[in-house]
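According to the working numbering, the sequence shown is numbered sequentially starting from 51. For glycine and all other residues, C-beta sits at the position ideal for the given N, C-alpha and C.
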Amino acid sequence: MFRRPLTAIVCCWIAGSGLTILLGGGRFWLLWAGITLVCPALLVMGRWPWRRLAVLWLAFSLGAAYWQYNEARNTSQIEHALTGGKESVVGLTAELSGERKSDGLTAELSGERESDGLTAELSGERETSDGLTDLSADQDLLDELAVRMEGTIVSPVDIDGDRADFTLRLLRIARSGEGALKEALEEGDIPGGEKVAVQLRLEAEEELSTAASWRRGQHIALEGTLERPEPARNFEGFDYRRYLHNQRIHWLVKVSGASALNVLPGKWSAAALFGEIDAFRAYLGARIERLFPGWQAGYMKGLLIGLQDELEPEKYAEFTQLGMTHILAISGSHVAINVGIVFWLLRLCRVSRETALIVVLFFVPAYVLITGFSPSVIRSGIMTMLGIYLLRRGKLKDSINVLSAAALMMLLWDPYFLLNVSFQLSFAVTAGLIVFVPLISPYFGWLAPKIRGTVAITLAAEIVSFLLTIYYFNQFSLLSLAANLLIVPVIGALALPLGMAALLLSFFAYRLGVWAAVPVRLVNSATFWATGWLGERSGFMTYWKSPSLLWIAGYYLAVFLLFYWSSRREKQNLSAAGAGVMDDETVPLSPVPAGLTSSSTEIRLNRHGRSQQGGGWDQHRWNAGGWGRLKGESVTSFALKVWRWAAIRRRGVLRIAITGSLALLIVTGYRPAYAKGVGHIEFIDVGQGDCALITAPSGVHILVDGGGTVSFRKASDSWRNRREPFEVGAKTVVPLLKKRGVHRLDAIILTHGDQDHIGGLQAVIEEFSVEALVINGSLAESATMKKLMETALSRDIPVYSAARGMTLKPDAETKLDILYPQAVAAKAEAIPFEENQNHRSIVFLLQMNGARFLFTGDMDEAAEQEVLEMVGTEDGQPVEVMKVAHHGSKTSTSAEWLAYWRPEAVLISAGASNSYGHPHPTVMERLEAQGTRIFRTDRMGGVQLKVREGRIQIRYKLAQ
């Protein structure tokens, strides 16, 4: 590190920026003060030159200051332009500036009421919400405010179904009604502009052609409604507000109909240049469609020019499962292959080497622009250009310094690159290849050089990317190494260069390009056959909770030390076997006097540097005493061998210790997020639906319902369908289960067959191993239920019908008693269909770690009355927490029902701003009259309960 000052400076810069992101302003500067005080001590105690230490300290300080400077400027000016008020921050500061204490609000049920020996007490310790600042009164007024604005489109216009999305650099803004749409605004200027995310809903199919004419660089006016981006509604869920904040976007603009947008005449701008590049990419994409039919067109667009949007979701999922999506992200391998092709063609045309390098130097930025300008391709483009420049100057010596220079340039351009997943993966994997490949290669010396290099590169990339993969995506396939080792080289060696060659040839002779594309089609078919076959192998996908930063640091340190020391030992062994000469080293040759051989001659240097042969005066002097030789060896030589043997033993012990530590890290990292011995219940915010995860103290996981996306779209509106429609199971439930480190579900309880309860379960059972499926004894007549049951049967998942009197006992501290529905004598072996699913909802009482919880599904008042008649209404059975039935509908939660169970707290699962009016005011009045603590997912987001020895700790995601 210290032999590479630029690398050390960049590392300190990143450390300063990263720590200020994690700790925030106040706590970071306390840490900075401590580090500053330690520096003089390092000067006194160590051998650190003061200039070097000062430069590193300055880089660390500047990295932090530069981040905080940009973060302070990352604010919205819209409210100022509309109201004339003072600017205030819109977006993140608490989490990004470190003022957050914990994620969510907390309350505790601990004691003032006695019930079955349990005490419960409500205290509401409010901490901070989710890392978002409180919005000013002006900003509250701006939310859902109708406005008119002018600006320039600065991103490609993405048309998906009935929606067009793009980013607008806002120049002027005013309230709606102030002038006609075609008239220029005269007030509401925003100096420097501000980016907003525009979401335009097309009203008719004919508007698709109008939307297709919009492009980057156009100056437009539009009318729409301002809306704040949605924050994460579940713990560790996707935070859309934070995502847009990192792109310096603070507001959404919702627009209805293409008629609300008008293209204005405007001057040429840099965005217009990018618009021309977008048009050229679209032209290339259309030509690729002509060369490659069907799904292969979308795949080759991603592989050749970085257009990934048109790859079929099923095909992309196959690559995702095997950890191969990097091949679709334009990066170093793509740049290297295309640069190699261009350089080879130039040399083939007898262009001089110097001229060819200059041409390639100008080709790289053009390629970066054409392929989408993503962080990975920017990194590889900068490194390639720097490498070519240094190569021409004869100064290309160390790729780590080139990588460091690229990182520093990108972070100076935009410090928010540091939070970009593509940036992190690209730089981490590249650095890992540079560091680990030389350490890994000696282990595969028995392989041919090219195969050895491929294996070492693939293994190094897997080792480095493993952590980032589980941190962000919470999954890792055990087949990933095999897939990347066998399939990716074929894509890189055949599909990519041959596909690019076919595309280029099609410009000269289209038929020639078609012929050149034939072998590529065959390679693509074989590739996806192989990925499909590997993807069908069950039991190889593992799910991991997101590890802590300390865990990540320990992993990388252990891996590096393990390979480093093992590599040194391997080199020492080779040195001993080859008389100290490695196959990649050169040593000077010394003449040997005639008649002497290495077996009979010992050559040493005396203290004056003169050569002495064995048997000379010095050796005779030691032998004169009779004690200087021990079995033909000098005492010094023998002691040296003993010291080396002891050192080897010490290093061996250290290697074993590091290997054990690494194994321990892997084991602890693979454990679920919820600790054993403590019960957990999480009510996941799935919008207008129900979903709850119960984790027993023993670690058993039970999922109750899975939410579901309800659509009322007619068949004639099929043009509105998205390429990959939002589905709450795949986008919300499955990612959160992975975040919790859930490896399998011991049971899924379907309280009833309505879409908003079972729609998300299809994605769940396709992704996770499920031990049992519990239904209410009937089936709903819906395509969702049919597909769900077919999938369960195809995967050999047992299906059980729940009925009153049944008990499920996951462990000694947990018991589920089914209270409803009643068992019905079956007239046939087939499960009956039931239209009124709400009435037959599964109702069960959960007792866990000394606390009682009531789950009610969507039961109606008639079902409540039946349960009360069966249990008897004389003495109530108080519960600590009850899930309110049917999202708080007025058809449930009667006064008698509440009087019997007397819940201390209730949970209402409803969608924010739902069209049903849930929860109903009547139900809310009943709950408030009883003095019950109310938790609502529509206002609070996800709600988590931790149960330990009869005490319940509750926290929720969103502030009130």
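CB of residue i within 8 angstroms of CB of residue j, strictly
| i | j | result |
| --- | --- | --- |
| Leu948 | Val931 | no |
| Leu220 | Glu244 | yes |
| Ile299 | Thr434 | no |
| Phe515 | Ser472 | Note on identity: in this sequence residue 515 is Ser, with Phe being the wrong assignment. No, Cβ-Cβ distance for Ser515 and Ser472 is not below 8 angstroms. |
| Arg337 | Glu273 | no |
| Leu518 | Leu468 | no |
| Pro569 | Ile391 | no |
| Pro363 | Tyr116 | no |
| Ala913 | Ser891 | yes |
| Lys933 | Gly791 | no |
| Ile128 | Leu192 | yes |
DSSP beta-bridge partners of residue i
| i | result |
| --- | --- |
| Asn312 | Ala271 |
| Ile798 | Leu753, Leu823 |
| Ser891 | Beta-bridge pairing links Ser891 to no other residue. |
| Ser306 | Arg251 |
| Lys500 | Note: Lys500 sits in no beta bridge, so no partner. |
| Thr857 | Asp867 |
| Leu896 | Leu866, Phe903 |
| Val956 | Met932, Ile984 |
| Arg213 | Asp210, Arg251 |
| His730 | Thr745, Lys996 |
Reduced DSSP secondary structure (H/G/I, E/B, other) of residue i
| i | result |
| --- | --- |
| Ala968 | What sits at residue 968 in the sequence shown is His, not Ala. Note: His968 maps to coil in three-state DSSP. |
| Gly243 | strand |
| Asp8 | There is no way to answer for residue 8, as the model of the chain reaches only from 51 to 1010. |
| Phe324 | helix |
| Lys933 | strand |
| Lys788 | helix |
| Arg222 | strand |
| Arg1001 | strand |
| Phe905 | strand |
| Leu56 | helix |
| Gly991 | coil |
| Leu1057 | Beyond the ends of the chain as shown, which are 51 and 1010, falls residue 1057; an answer cannot be given. |
| Trp594 | coil |
| His793 | coil |
| Tyr850 | strand |
| Gly719 | helix |
| Tyr1006 | strand |
| Phe473 | helix |
| Trp301 | strand |
CB contact check: residue i to chain C, cutoff 8 angstroms
| i | result |
| --- | --- |
| Gly503 | The structure shown contains no chain C; it is built from a single protein chain. |
Minimum C-alpha distance to residue i - residue among the options
| i | options | result |
| --- | --- | --- |
| Ser963 | Thr57, Arg298, Tyr720, Gln738 | Gln738 |
| Asn120 | Glu255, Gly211, Ala196, Asn296 | Asn296 |
| Met909 | Pro55, Gly926, His936, Asn899 | His936 |
| Lys1007 | Arg1001, Thr581, Arg986 | Arg986 |
| Leu510 | Val485, Glu911, Phe523 | The sequence shown places Ala at residue 510, rather than the Leu named in the question. Nearest C-alpha to Ala510: Val485. |
| Tyr521 | Phe467, Tyr605, Tyr466, Ala576 | Tyr605 |
| Ser959 | Ala332, Thr906, Ala196, Phe110 | Thr906 |
| Tyr850 | Pro860, Glu863, Lys865, Ser828 | Ser828 |
| Gln805 | Glu816, Ser832, Asn826 | Ser832 |
| Arg53 | Asp448, Ser259, Leu361, Thr841 | Asp448 |
| Arg989 | Val973, Gln1003, Pro969 | Pro969 |
| Leu995 | Tyr349, Leu497, Ile731, Val929 | Ile731 |
| Gly926 | Cys399, Ala912, Ala945 | Ala945 |
| Arg770 | Ala955, Leu440, Asp210 | Asp210 |
| Ala580 | Ala114, Glu368, Lys789, Leu436 | Glu368 |
**Q.** Inter-stretch contact (C-beta, 8 angstroms, three-pair minimum) for the segment 780-791 and the segment 704-713
**A.** In short, these stretches do not touch, since the Cβ pair count stays below three.
(Q) Three or more C-beta pairs under 8 angstroms: does that hold for the segment 104-116 against the segment 436-455? (A) A contact is defined here as three or more CB-CB pairs under 8 angstroms, and the segment 104-116 fails this definition with respect to the segment 436-455.
Q: Determine, using beta-carbon pairs with one atom in the segment 533-550 and one in the segment 368-379, whether at least three such pairs fall under 8 angstroms.
A: In short, these stretches touch, since the Cβ pair count reaches three.
Q. Would you call the segment 341-352 and the segment 747-756 in contact, with 3 or more CB pairs under 8 angstroms?
A. With a cut-off of 8 angstroms, the segment 747-756 and the segment 341-352 do not count as touching, because too few Cβ pairs lie within range.
Q) Is it a yes or a no for the segment 809-820 touching the segment 732-749, going by three-plus beta-carbon pairs under 8 angstroms? A) With a cut-off of 8 angstroms, the segment 732-749 and the segment 809-820 count as touching, because enough Cβ pairs lie within range.
**Q.** Cβ pair count under 8 angstroms reaching 3, the segment 999-1006 against the segment 966-981
**A.** Contact between the segment 999-1006 and the segment 966-981 is absent, because fewer than three Cβ pairs lie under 8 angstroms.
Q. Taking one C-beta from the segment 281-295 and one from the segment 255-264 each time, how about it: are there three or more such pairs within less than 8 angstroms?
A. The segment 281-295 is not in contact with the segment 255-264.
Q.
Using 8 angstroms as the cut-off, can you tell me whether the segment 319-332 makes contact with the segment 542-560, which would need three or more C-beta pairs spanning the two stretches below that distance?
A. Of all C-beta pairs linking the segment 319-332 to the segment 542-560, fewer than three are shorter than 8 angstroms, placing the two stretches out of contact.
Q: Check whether the segment 881-891 touches the segment 786-804, counting contact only when three or more Cβ pairs, one atom from each stretch, lie closer than 8 angstroms.
A: With the cut-off at 8 angstroms, the segment 881-891 and the segment 786-804 touch.
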